[in-house]
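What follows is a single structure, written as C-alpha cells, with notes after it.
Numbering (this note's numbering), first residue to last: 270 to 527.
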C-alpha cells in the first residue's frame with residue numbers, strides 16, 4: 270500500500286485550519302491569518318507521531334498536547350479553556366460527519382451486521398463537503414447562542430402564588446403605561462390567575478395597527494435572582510413562537526439582565 274505523505278499532510282492542514290477558523294468565528298476572536306496558518310501547520314506535524322513506536326495511549330496524550338499548543342499559538346493564553354473547549358466541540362462534530370460518510374459509503378449491512386464493501390471515501394468529496402457542513406453548523410450555533418442568551422427563567426408573584434415561566438427578552442418590546450412608566454411583560458393570561466377586576470388599558474402602536482392592551486399589576490417579578498417591582502402583565506391574545514417562551518420581557522430589563 271502506498272502512502273502519499275504530501276496528500277496526508279495537506280488534508281490534516283486543511284482540517285486543522287477549518288477547526289481553528291471555526292473556533293475563531295464562533296468566539297469572535299481577533300486573530301491574524303498568519304497565526305491561524307501557524308497553528309494549523311503545528312497540528313499537521315502530529316501525523317509524524319504515527320511513525321513512532323508508541324502505544325495508543327501515548328499517541329492520545331501527544332495529540333492532546335499538540336492541540337493545546339495549537340490553541341496557544343493561534344489564540345494565546347487569554348480565554349484558553351474556552352477556546353480549547355470549542356475547538357474540541359467542533360472537532361467532534363466534524364469527526365462525526367466524516368465517520369458518517371465513511372459508514373454510509375464504505376460499509377453495507379445485512380441486518381445488524383456491517384461489512385466493508387471495498388469502497389473508500391473520496392477525499393475530494395470530504396474536502397468539498399466539510400467546509401459546507403461546518404458553515405451551516407456555525408450559522409445555526411451562532412443563531413442559537415444569540416437566541417438562548419435572551420431566554421430567562423421568570424418568577425411572577427401574584428398574591429400568594431408564584432408562577433414559573435420561560436421569558437424571552439425582546440428588544441422590540443418598549444411598551445409601558447403612560448401614567449407611571451411601568452414596563453409590561455406580555456403573555457397569555459390563561460397561564461396565570463389574576464384579579465381581573467383591577468386592570469388598566471395601555472395603548473400600543475405597531476407598523477400596521479394601534480390599540481390598547483389590558484394590563485394587570487404583578488406584586489413582583491424575579492429574574493436571575495433580581496426582583497422587579499411595578500411591573501405590569503399584559504394580556505396578549507395572539508400566539509407567539511419565540512424559542513418556546515411563555516412570555517415576552519420588556520427591553521427596559523436588558524441592562525439589568527445582560
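Just so you know, even glycine gets a beta-carbon here, dropped at the ideal spot from N, CA and C.
7 angstroms Cβ cutoff met for residue 313 and residue 278 | The Cβ-Cβ distance between residue 313 and residue 278 falls below 7 angstroms.
Rounded C-alpha distance that separates residue 503 from residue 417 = If you draw a straight line from the Cα of residue 503 to the Cα of residue 417, it is about 23 angstroms long.
Return the chain-ordered list of same chain residues with a C-beta closer than 7 angstroms to the C-beta of residue 309, the five sequence neighbours on each side being excluded.
-> Cβ neighbours of residue 309 within its own chain (closer than 7 angstroms, five residues either side excluded): 282, 285, 286 and 289.
With a 10 Å radius around its C-beta and 16 neighbouring C-beta atoms as the bar for buried, classify residue 513 as buried or exposed.
-> Here residue 513 is exposed: its Cβ has fewer than 16 other Cβ atoms, across all protein chains shown, within 10 Å.
Which residue's Cα is closest to the Cα of residue 353: 396, 295 and 324?
-> It is 295 whose Cα lies nearest to the Cα of residue 353.
Excluding the five sequence neighbours on either side, which residues of its own chain have a C-beta within less than 8 angstroms of the C-beta of residue 331, listed in chain order?
-> Answer for residue 331: 315, 318 and 323, listed in chain order.
Determine, using beta carbons only, whether residue 490 and residue 420 come nearer to each other than 7 angstroms.
-> No, they are not a contact pair.
Three-state secondary structure assigned by DSSP to residue 449 = In this structure, residue 449 counts as coil in the three-state DSSP scheme.
Can you tell which of 335, 398 and 340 has its C-alpha closest to the C-alpha of residue 293?
-> Ranking 335, 398 and 340 by Cα distance to residue 293 puts 340 first.
Count the other C-beta atoms from every protein chain shown that fall within 10 angstroms of the C-beta of residue 471, then say buried if there are 16 or more, exposed otherwise.
-> By the beta-carbon neighbour count (other beta carbons within 10 angstroms, threshold 16), residue 471 is buried.
Of the residues 429, 485 and 434, the one placed nearest residue 451, counting alpha carbons only | Of the listed residues, the one whose Cα sits closest to residue 451 is 485.
How about the stretch 466-482 and the stretch 431-450: do they share at least three Cβ pairs that are nearer than 8 angstroms?
-> Touching, yes.
Work out the CA separation of residue 442 and residue 479 for me, nearest whole Å.
-> Rounded to the nearest angstrom, the gap between the Cα atoms of residue 479 and residue 442 is 14 angstroms.
Start-to-end residues for the alpha helix (DSSP H) that takes in residue 425 = Per DSSP, residue 425 belongs to no alpha helix (DSSP H); it is in the beta strand (DSSP E), 420-427.
Just checking my contact of residue 488 with residue 428 at CB under 8 angstroms: how many whole Å lie between their CB atoms?
-> Indeed they touch by this definition, with Cβ atoms about 7 angstroms apart.
Taking just the CA atoms, how far does residue 328 sit from residue 321?
-> Rounded to whole angstroms, residue 321 to residue 328 spans 9 angstroms at the Cα level.
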